[in-house]
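First comes the structure, then the notes that go with it.
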């Protein structure tokens, strides 16, 4: 490959020199690149690119611009787009260049189109005729370019237009055309398989093509086809074996070689195909034994590409029908990988070993010491893959050790996806191989604590179902439930403010269902513990419903506390909480009704759930009769939304112009429409005078923006995970934490590894259930699900691993009975209550938030509702004063964010507090700098804020165990605002100890405004018009117009943009449209119109208070100019 690159770089100067004007193009691009590399900041780069784009836009719009100059503009525009700057004005010019230019210009135009446009861009419709013409061209270069663009950017709606021409290219005399045609058909098959079903026979011709490149291209299609239906292509096994033999024999041209390895990527494709064809088929596998043996022999361990071939070959050997000789050779290859000192090869060996232990678990015994060393490896991926390997070899004898290793890894894991993956595996192992009830409950407690709200919903659902359904022994079921109740009561009696919402929901359900099994516990104590959870700000609305459901199920001990609680929540603004509180109130007052609705001891499977909700048929019929829309399932709504966003190739129906005579301000027409129709504005008098004007018809347009933003489901970042308390740690970990041993000597360390190996690999010997040539037989799970009445005796007698897994999957019909009131189905759309001090990470308005390091700091509970987070304190022997720049102490990922000045909050002789605001797209970061002004160490520094109007999305650094002399620590609060307020005051205290046992408290306060929580809302003019029609709350006011510039409207809007972070959507004549959003997601649209010396501003938002707040800050911003 290096030879090819060297030849290409050598040939480039000649290519450019042979083209007229190419040197000028190269010089201009070279000058742009040189200018960018000489810059010192991102801001300077943005200014330079902005100037460059303006110059290109002016040059592209000039009628005197030649094709050569346009080609040069495209090259520079592609470079700007590669840097992340939008050059959308060049998109249409790229299409024109592909349509009208010569070969070189067409080549640049096609390249720009493939880089600029995606499959959903409507501009591709303008390119269809050009592509059709080029596909029929006799010019080889034009046909190649057209096939390349078709394969890259054409959507499935355009496939029928070009499919016949692409199909004809399969018989083209030039091999490069045939190759590109095959690749285009492969792309068609991926996005629209039904449209190419009729040409599967021509794929076979491509496989036997005389050109190796065409044959290699067809392997992509066959790999996809064989994955879907391997039995349909068994007859091609001989052909694939023959091709692989020819490749190994060096029969292909030298151009296919890579580092003297013949066609390595072609070998990998063929090995994958053969493994799929030979799976569980002895006769087919026998055809490929010889070539697999040859492939193992020829792939010497001398280059990375041969390692990839060997890996695929080993997987193929263990996938097809086994042969002892091949298995032995493959095992030796795996050993060479695992024992390699190179990290990449060791990872590859572990991955291969993880795959093959499913067929031969005893192979892990040969490398047990290497696996033990990998558990302590410094590389994160090595540790993760080692745990995956241990998961594959887990049995009832080694489950406790392996689960402990997984939990230890999870406590130091910062990767969200790894955490989700591993906690699911831990819960699966606990259900299958739990040695006793106490270990199972405490392990699941660790899962809920470490996994937190990152857990997939099926993990808690499976756990609750296991407790509810029970097993075949009622006595064992009651013991399991009783231990769960005891464990959760212990957890709630400790510090419960840090517990994840998922864990609190599980505990609430278990206590509500089975607290009566614990006869020694007073029901009033259970009620008191559950009521304490309701008073915590960190508890979400959904979790409160779970707690109320638990309180409803407790028949005895209904005290005045429950009645007061029910009456207090009956006036809640949350309709679900209000309904649940009313049910609690009525059931508490009527014991007979309570016994009838919630009978104690009723079998779980006897509960009948009306999944069809037939009792609502009358209500639905009445609503439909009055004109309500029929219900559509979520998947149907999503499909319709995708269809509306897709390119529509149908002609538009004829529509007559609509008069505006009946329109007024109350009709809520879009300001953008008023601007288009002959200069009309949003004034009712002007509308009545222009009664005959026409406008666009927007009736029936599907709304893709709603009250909470864009209608498709938003992504939410998962919250960080706290360390579990001692009450939820497994016994093995508690014992390890209690004992302290000196650092072992090397000999002692080796003995420890030997003991660990004997614990991990126990059960993999001769007596295990795994044989070399057989399949893995999983032992029955520890907790057997009790058969349901409607299940047949034959199906309930034998429980396989697959049915065991599926028995724990969640379903709406069964989970509805878990929670009284059917609230389990909905995910919590959580933003935590204001300053509850539990580290969380959420998203605002669908924007993903930068995740903070979840485990970089150790978390523990410290009294009340506070979570102690131990940050890495910034030690500075010469701390800056209040007037100096404390922003130098910002973390590296925050230094480039726009921020306010550092202001002093409060100080005393020992501590000084200052604050700074950082403006993120998804939250407002309030940084509090805690500076030690003394020459002594200050301990147990804790910051606590109070503000009812705000919510915190995440928190870090509010607790410092030890603040060194003359040092400064930084506390981070990520804040959100749901209900806008003009100005918001927050108060707080910082407590610290200068002497043991003597705590000092220092109060502080500050002010924030709505402007701190406003962010630009980027919309197109069309989206703005649609959104304007859907908003209901509006305000209209005349403001000051800045007339000290040539364009007063643009100057005024730019001033507001800079002051309030607004987005100017468009300016049309004397009118402008602006958009912004609150961090919580509520949009606000501004329509501005120049009227004499004033600016008439019309604001709309779904939130009634947001227009007034923004109008207030607009007035202030213009008054200070």
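Numbering (the working numbering), first residue to last: -9 to 1111. Yeah, the Cβ is synthetic: ideal placement off N, Cα and C, and Gly gets one too.
Short CB-CB distance (under 7 Å) between residue i and chain C
{"i": "residue 63", "result": "Of the protein chains in this structure there is only one, and it is not chain C."}
Residue i, buried or exposed, once every other Cβ within 10 Å from all chains shown has been counted against 16
{"i": "residue 443", "result": "buried"}
{"i": "residue 586", "result": "exposed"}
{"i": "residue 180", "result": "exposed"}
{"i": "residue 987", "result": "exposed"}
{"i": "residue 455", "result": "buried"}
{"i": "residue 946", "result": "buried"}
{"i": "residue 131", "result": "exposed"}
{"i": "residue 275", "result": "buried"}
{"i": "residue 1090", "result": "buried"}
{"i": "residue 227", "result": "buried"}
{"i": "residue 978", "result": "buried"}
{"i": "residue 893", "result": "exposed"}
{"i": "residue 605", "result": "exposed"}
{"i": "residue 1082", "result": "exposed"}
{"i": "residue 1093", "result": "buried"}
{"i": "residue 1112", "result": "Only positions -9 to 1111 of the chain appear in this structure, which leaves residue 1112 out of reach."}
{"i": "residue 1012", "result": "exposed"}
{"i": "residue 554", "result": "exposed"}
{"i": "residue 314", "result": "exposed"}
Whole-angstrom distance between residue j and residue i, CA atom to CA atom
{"i": "residue 470", "j": "residue 552", "result": "28 Å"}
{"i": "residue 269", "j": "residue 308", "result": "9 Å"}
{"i": "residue 21", "j": "residue 912", "result": "37 Å"}
{"i": "residue 334", "j": "residue 75", "result": "36 Å"}
{"i": "residue 43", "j": "residue 1017", "result": "30 Å"}
{"i": "residue 475", "j": "residue 500", "result": "7 Å"}
{"i": "residue 641", "j": "residue 63", "result": "With a pLDDT of only 46 at residue 641, under the threshold of 50, the placement of this residue in the model should not be trusted; the figure read from the coordinates follows. Between residue 641 and residue 63, the C-alpha separation is close to 34 Å."}
{"i": "residue 100", "j": "residue 39", "result": "23 Å"}
{"i": "residue 345", "j": "residue 26", "result": "48 Å"}
{"i": "residue 969", "j": "residue 1025", "result": "17 Å"}
{"i": "residue 103", "j": "residue 53", "result": "22 Å"}
{"i": "residue 1100", "j": "residue 971", "result": "10 Å"}
{"i": "residue 82", "j": "residue 140", "result": "18 Å"}
{"i": "residue 1115", "j": "residue 1005", "result": "Beyond the ends of the chain as shown, which are -9 and 1111, falls residue 1115; an answer cannot be given."}
{"i": "residue 383", "j": "residue 347", "result": "7 Å"}
{"i": "residue 1037", "j": "residue 1058", "result": "12 Å"}
{"i": "residue 579", "j": "residue 1103", "result": "52 Å"}
{"i": "residue 426", "j": "residue 302", "result": "41 Å"}
{"i": "residue 881", "j": "residue 897", "result": "24 Å"}
{"i": "residue 125", "j": "residue 170", "result": "12 Å"}
Beta-carbon separation (whole angstroms), residue i vs residue j, contact threshold 8 Å
{"i": "residue 122", "j": "residue 73", "result": "The Cβ separation is near 34 Å, so there is no contact."}
{"i": "residue 502", "j": "residue 539", "result": "6 Å"}
{"i": "residue 223", "j": "residue 216", "result": "5 Å"}
{"i": "residue 523", "j": "residue 494", "result": "6 Å"}
{"i": "residue 93", "j": "residue 61", "result": "11 Å between Cβ atoms; not a contact."}
{"i": "residue 1039", "j": "residue 1062", "result": "6 Å"}
Per-residue DSSP class, three states only, for residue i
{"i": "residue 32", "result": "helix"}
{"i": "residue 336", "result": "helix"}
{"i": "residue 1097", "result": "helix"}
{"i": "residue 924", "result": "coil"}
{"i": "residue 468", "result": "helix"}
{"i": "residue 1040", "result": "helix"}
{"i": "residue 74", "result": "coil"}
{"i": "residue 883", "result": "coil"}
{"i": "residue 445", "result": "coil"}
Cβ-heavy atom distance, residue i to the ligand FAD, below 6 Å
{"i": "residue 536", "result": "Summarising the ligand content, the structure contains no ligands, and the ligand FAD is consequently not present."}
Should the stretch 920 to 937 be regarded as contacting the stretch 949 to 969, the criterion being three or more beta carbon pairs within less than 8 Å?
The way I'd put it, the stretch 920 to 937 does touch the stretch 949 to 969; three or more beta-carbon pairs between them come closer than 8 Å.
Evaluate contact between the stretch 242 to 259 and the stretch 273 to 281, counting only Cβ atoms and requiring at least three cross-stretch pairs below 8 Å.
Too few Cβ pairs lie closer than 8 Å, so no.
Assess contact between the stretch 176 to 193 and the stretch 207 to 217, defined as three or more Cβ pairs (one per stretch) separated by less than 8 Å. Is contact present?
yes
Is it the case that the stretch 918 to 926 contacts the stretch 1035 to 1054, given that we only count it when at least three CB pairs across the two stretches are under 8 Å?
no
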